[in-house]
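Here the structure comes first, spelled out in structure tokens, and everything after it is commentary.
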Amino acid sequence: MSASRTPVVEHGTLTLGRLLGQGGQGSVHQVLNKKINTSVNGGWDVVYKEYAPAVLPSLDAAALAAQVALTASLSTAEGRWLCEKTAWPAAVVERAGRPCGLLMRLVPDRFQFAYRPLGGASRGDRRLANLEFLLNDDAYVAGVGLRVSERDRVLLLADLAATLTRLHRIGIAVGDLSPKNLLFTTAARPECFLVDCDAMRLRGASALPQAETPDWQIPAGEEKATPSSDSYKLALLAVRLFARDQTATDPAALAALDPTLGDLARAGLSADPARRPAPAAWAERLTVVAATASAKAARRPASAKPAPKPPAPPSPRGPGSARPPGTPAAARPPGGPGSPRVPGGTGPGGSGSARVPALRKSAGRTVAVVAALIAVAVLFGLRSSGDDGSSTARSTTSSGQSSTGGAWTGGTSADDSGGGLGTSDGTDDTDDDTGDGTSAGGGDDTTAGAAADDSDADEDATESPSPTPDPVGDAEVGSCFDDEGTRTRPDLVSTSCSPGAFKVVDIRHGTTDLDSCDGVDDSDESVSSHRHDLVLCLSYLNPGGDAYHAGQGDCVYGPNGSGTWYTEPCETGNFKVLAVYQGRNKSKCDGWPHYNLLKPFNGPSGAGLDRILCLSMNYPDAMGYAQVRQCLLNSGSGSDATFTNTGSCDSSNVVVSGRTGRYEAASFCGNDGWTTWRSREYPELAYTVCYRWR
Amino acid sequence: MAETKGVLLPAYVLADESGSMSPYEQDLTHGLVSLCEGLRAEPMIAAKLRLAVLGFSDDVQVRLAVADMRRETSLPKVEIRGLTNYEAVFDDLSTRIPNDVRWLRGEGYKVHRPVVFFLSDGQPTDGGAWRRPHRELTDRARTPTAPNIVACGIGNAEASTMVEVATQPEFAFIAKPGTDIGRAVAEFFHALTASLVASGQALNSGAPQLVVNRPDQFSMAIDEVGQ
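Those protein sequence lines, which keep their order, are chains A and B.
So in the working numbering, spot 320 of the first sequence is number 320, and the numbers just go up one at a time.
So in the working numbering, spot 116 of the second sequence is number 1116, and the numbers just go up one at a time.
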């Protein structure tokens, strides 16, 4: 290995284990008797990729050798980086002096996930976390056991863009950049990992003819595996990652997240390679967008148990049909085919744009709180301006960890005296003392003292905490609290789970990190207790109905005007959620196709949790949104007739000749055919559409 | 909305639910589960497939209706009952497949020629009555969406019958003599999953073709028939 810089391994010296994978190019086996990079923690496990006999004639042995030699020619840092981000070929494997395959590192564990099977109870295998899993609707993503937030997606893509930038600098073009060759993790820090690196092109040379994955091809005639072909596929991936679709090319969902990203995608998909933004431009913008993207994971499916199949076609809510009563809030399934909310960050500044307005450490604040019986800290609100000095100070202290937890003394258990005491400054210590309601005895005094140094002192409770139940310590998922505190200072009091209360939707033990509620379904607010070393994830039971927590793709319904709105299965006559925005800026809905109703919700008072839903009526068929001159396919007849948008006039049999917002406006259509529909509750969304046969 | 949504492969699994399969009900169920999970865990393949599972005996019952496995929240379950009526199968498919294809096209998809995976453990109990609907179903002039049929025989099923049911001799398989039927059922589903995954890839590529893997423990029925 010293003479040539190309490590070569004789096939006969390998002890092969399990077959890990098989594809058109060959097969991948575990290698039991070799490791690479042995200086690090005992080294990395390796795998052997053997080329299929059919592939070997087209293998460029010199190009493969150059790939293997690359790492040694790079600086130590660059080489290490390459091996951390990719399964770069580590050695050529030869049989009788001829290359037959290569060694590469085994994919690191963190790029696998526990696949959740449909069967429910049984735990699934660990599988490679292939990016293809993310290009599907959120019900699927959550259903297979992945928890991925919008922010995770942004950060993944940012990491990929940064990785491509560096690969390009080294002289590597990925070429077949596709979800199959990309792994991801969202665990500690969202990042990606590239596999199938022998298919990449190094300084113009390819070990194997450049192939492309179907649906992931660059424009015909363009040279394959160049930095600009990678840029094209990065744009495609960006579009699809946010469209949650494997074949989308429309950047609408991406543009809804951030118009600048939408612009990057449009330019990135340009047929002219010179117009495509380089990955660095993506990385830069994505990093900005990540700061405000929702950290809430997509929702779990309704049930992990085998569920009865939904009844085939839902009965249409046609003219005159009465609306069945909505699902009561408490009985609402936790998931369904919902997608995560579109974070509203449409403004270039992105301020105030995340859908979940609490929980952002950078933008919010951490406050150690004096409450009746408990020590809690809360991150609340996105309003970045107007932080008062004391909150800022507290935020600092709190992020120093544990200072709040150990501070009180009142003779409580030993574990309370843990570290951190010394690091807190006096003020906060006092504050924390108070917080520990359970420390019986002299709690009162301490409480009062703490209150005194806090500007919100009047909010602090003063009742005796003697042997009282501890609502935070006793809290279970499903418990409810009223928050009688202020915007920055929660004061939780147990209550029944009625509208206006906060319900515990998850409890994170062993942490006081308020971000740990990120990704919890419907969590609006997080409250930590250092005393109990836990975080309560709270969901606001909006008196306006559980549609308050609906996400993009969910369906909702409620009365015209005031009344309660529920999330329910999609069917004709209810509304699909196109987008959810924080705040009350009605103009945000305007750009959405098929937008026809806006539903505002008030959040808990003063919390900055108001939001609006941009809604679209679920019409019985494609006539609902058909435009004049559009072609449609009519099937069935009489009252069973339905109209489908096939996307092409060739496969259609009618063309729309007119449209009015009136119901049963037969005369409007003259001699043409017509179809009409209205909702009793929303007569303004009625239509009569005229059509001619073609 | 202007773009077509891509090309789908409709795949039908016809599972024999006749009384003689009763000792292997678990194997059938497990096989179906592994098929469905196998596809669900391959989202790029699942997106291009629509899977239907039909149980047949005296009649045909739908265990899973033309499904995108990414959207399914439950698994199909078989129900052992009755005789082995092949006629019911091909009668059913003659209307079902064209209807399904029409529906998928209406949804904006293009559709590959459907494929049927037929698993039976016995000879037809309807004599030769099944041949007429079978002929109709597989005649591409009469049924433009005529499916490719892959036929796998276990237990008492005969090689010559499988060759007749399959649309190409190389699509007919018969479990090797002495093979444990439960194992053969498992292998059938294993090969079926692999075939669908491989077909899903191949059909999507520049040279679209149906890939049919021979199940382990099965031999090509045509070799047994000795044509």
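The beta-carbon is built from N, C-alpha and C at its ideal position, and this holds for glycine as well.
With its beta carbon less than 8 Å from one in chain A, A1041(B) belongs to the interface.
With 16 or more other Cβ atoms inside 10 Å of its own Cβ, S479(A) counts as buried.
Taking 8 Å as the cut-off, the Cβ atoms of L1083(B) and S1199(B) do not count as close. If you keep only unbroken beta strand (DSSP E) runs of at least 3 residues inside the stretch 1146-1171 of chain B, you get 1148-1153. For C1036(B), the neighbours in chain A by C-beta distance under 8 Å run, in chain order, L118. Annotation for C631(A): the continuous beta strand (DSSP E) segment containing it runs C631 to S635. Residue contact check for V1185(B) against chain A: no CB pair falls below 8 Å. Within the stretch 179-208 of chain A, P179 and K180 place their CB atoms closer than 9 Å to a CB of chain B, listed in sequence order.
By the Cβ-count criterion, N618(A) is buried, with 16 or more other Cβ atoms from all chains shown falling within 10 Å of its own Cβ.
Only those residues of the stretch 1118-1149 of chain B whose C-beta falls short of 8 Å from the nearest C-beta of chain A would be listed, and there are none. Listed in chain order, the positions of the stretch 641-655 of chain A with a beta carbon within less than 9 Å of a beta carbon of chain B are T642, T644, N645, T646, G647, S648 and S651.
Residues of the same chain with a CB within less than 6 Å of the CB of K1176(B), apart from the 5 flanking positions on each side, are Q1217 and S1219 in chain order. One finds N1204 and S1205 in chain B with Cβ atoms closer than 7 Å to the Cβ of P214(A), taken in chain order. One alpha carbon belongs to L538(A), the other to A475(A), and they sit about 11 Å apart. L106(A) is the residue among L106(A), A220(A), S496(A) and E10(A) whose C-alpha sits nearest the C-alpha of R18(A). A contact is defined here as three or more CB-CB pairs under 8 Å, and the stretch 202-212 of chain A meets this definition with respect to the stretch 46-64 of chain A. In this chain, I1080(B) is not harboured by any beta strand (DSSP E), its DSSP state being neither H nor E.
Secondary structure of H509(A) (DSSP, three-state): strand. Setting aside the 5 residues that flank it on each side, P1076(B) is surrounded in the same chain by L1032, V1053, R1063 and L1064, each with a C-beta closer than 6 Å to its C-beta; the list follows chain order. Interface annotation for the stretch 241-252 of chain A against chain B: Q246, T247 and T249, criterion Cβ-Cβ distance under 8 Å.
Under the three-state reduction of DSSP output, L1104(B) falls in the helix class. For V1197(B), same chain residues with a beta-carbon under 7 Å away, outside a window of 5 residues either side, are E1042 and I1045 in chain order. Put simply, the stretch 84-94 of chain A does not touch the stretch 136-148 of chain A. Fewer than three CB pairs are less than 8 Å apart. Under the DSSP definition of a beta bridge, F1056(B) partners with D1016(B) and V1060(B).
Using a Cβ distance threshold of 8 Å, V154(A) and A293(A) count as a contacting pair. Taken atom to atom, the span from the alpha-carbon of L264(A) to that of Y625(A) is near 29 Å.
The beta strand (DSSP E) runs lying completely inside the stretch 585-622 of chain A and spanning 3 residues or more are 597-601 and 611-617, given in chain order. Interface criterion not met: the Cβ of F111(A) is under 8 Å from no Cβ in chain B. The alpha-carbon separation between G1006(B) and F481(A) amounts to approximately 50 Å. Between E222(A) and chain B, the shortest Cβ-Cβ separation is not below 8 Å. Annotated three-state conformation of Y140(A) is helix, per DSSP. In the three-state DSSP reduction, N671(A) falls in the coil class, being neither helix nor strand. Residue burial is scored here from C-beta neighbours: Q1201(B) has at least 16 other C-beta atoms within 10 angstroms and is therefore classed as buried. A residue is called buried once 16 or more other Cβ atoms fall within 10 Å of its Cβ, and A666(A), having fewer, is exposed. For S516(A), the closest alpha carbon among the candidates D533(A), Q217(A) and S39(A) is that of D533(A). When Cβ pairs closer than 8 Å are counted between the two stretches, the stretch 539-556 of chain A is seen to touch the stretch 494-508 of chain A, the count reaching three or more.
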